[in-house]
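K.L.:
Here you go, one structure.
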Amino acid sequence: MSSLFPAQGHLNQLLQLSCLVSSYGIPIHYFAPLVFSRQARSRANDLINPHDLRKIHFHDIPTPHFDSPRPNPDSSHRFPTQLLSAWYASLSLRELFSVFLLDLSKKFTRVVVIHDPMMAFVVQDIASIPNAESYVFNCISASSHISFLWSFLTKPVSVKHSKEIPSFNGCLPEEVRSFVSIQMDHLDSRSRDIFNTCRLVEAPYLEILEHEEISGAKNRKLWAMGPILPAPRAEHQRECLRWLHRNEPKSVVYVSFGTTISLTDEQVREIAARLEEQGQVPLGGQGCRHQ
């Protein structure tokens, strides 16, 4: 069973994971308000197997009312705070989810709920169902997750290289931090953490996340199972790798902007100026709705 969080980068990845699980013949029940479920399906990546998608049982529940303000280009934060209204509205889904989960638990011997960490409040009643478990699916990188969690820790944690962890302070408006705090209060009962990454790329960060003081439990398992939806091999991808191999080791910097990132004209000019100073050729990656 999947329970999604209303943000595009989260919607797509959970749908991709659901399709992957359904490809093994495991029943998947997708619990979401109609407007977000429809959005996820309409923007489904072309690499998703339509046969796996058709096997998913979509449960489209009523969409709670929420305002839909336009993005504020003059905001001091680059965070998409216009989504907050939808996020807070999603908190009202707890009762609907509990009723649905209880019904599902009577039909199956075991129910695993895979949900976004930002839906922890909604799915908190999993703990009261004996044959149900909570698996948290984190759709951001392990390195980003570490930085994010670090800003919420209330006491020092004894892990290696803690001073090298990038700071997330100042990146989240206070109203977003308040919403996150609501969710973190209900994450202790989870059984597993899933990350859309692999140890070959992010082993040091995953090891920190497995630390008992970070995970919150001694025996809580962490699965790195990405990339969930790998792209097929293609000639243009091989050319990209050939270009990469022609460069000196550690001479290429990869920067991944989120799906809702916004840059001011001044920031764009600053990036361009620094690249020009370094004499480096930037490679542009065009964002798309299937990201």
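Numbers 1221 to 1511, taken from our numbering, label the letters of the sequence shown in order. Glycine included, each C-beta is placed from N, C-alpha and C at the ideal position.
Note down the Cα distance separating residue 1300 from residue 1391, rounded to an integer number of angstroms.
P.N.:
Rounded to whole angstroms, residue 1300 to residue 1391 spans 11 Å at the Cα level.
K.L.:
Using DSSP's beta-bridge definition, name the partner residues of residue 1281.
P.N.:
Answer by DSSP bridge pairing, in chain order: 1253.
K.L.:
Tell me the rounded alpha-carbon separation between residue 1422 and residue 1281.
P.N.:
Their backbone Cα atoms lie some 37 Å apart in a straight line.
K.L.:
If distances are taken between C-alpha atoms only, which option among 1243, 1266, 1230 comes closest to residue 1256?
P.N.:
Comparing Cα-Cα distances from residue 1256 to each of 1243, 1266, 1230, the minimum goes to 1230.
K.L.:
Find out if the Cβ-Cβ distance for the pair residue 1317, residue 1251 is shorter than 8 Å.
P.N.:
Going by C-beta atoms, residue 1317 is nearer than 8 Å to residue 1251.
K.L.:
If you run the structure through DSSP and keep just helix, strand and coil, what is residue 1229?
P.N.:
Of the three classes helix, strand and coil, the one that applies to residue 1229 here is helix, per DSSP.
K.L.:
Give every residue of the same chain whose Cβ lies closer than 8 Å to the Cβ of residue 1419, excluding the five residues on either side of it in the sequence, and list them in chain order.
P.N.:
Hits under 8 Å: 1426, 1444.
K.L.:
Start and end of the alpha helix (DSSP H) containing residue 1413?
P.N.:
Where residue 1413 is concerned, there is no enclosing alpha helix (DSSP H), although the beta strand (DSSP E) it sits in stretches over 1412-1415.
K.L.:
Do you know how far the Cα of residue 1226 is from the Cα of residue 1581?
P.N.:
For the chain, the structure presents residues 1221 to 1511; residue 1581 sits outside this window and is missing.
K.L.:
Since residue 1331 sits in a beta bridge, which residues does DSSP pair it with?
P.N.:
BP columns for residue 1331 point to 1352.
K.L.:
In the DSSP assignment, find the unbroken beta strand (DSSP E) run with residue 1444 in it and report its ends.
P.N.:
Counting along the chain, the beta strand (DSSP E) containing residue 1444 begins and ends at 1441-1444.
K.L.:
In three-state terms, what does DSSP make of residue 1507?
P.N.:
Note that residue 1507 scores a pLDDT of 42, beneath 50, so its modelled location is shaky; the value from the coordinates is reported in the next line. Residue 1507 falls in the coil class under three-state DSSP.
K.L.:
Kindly indicate which residue of 1254, 1362, 1271 has the alpha-carbon position closest to the one of residue 1447.
P.N.:
The option with the nearest alpha carbon to residue 1447 is 1362.
K.L.:
According to DSSP, is residue 1357 helix, strand or coil?
P.N.:
The answer is strand: DSSP assigns residue 1357 an E or B state.
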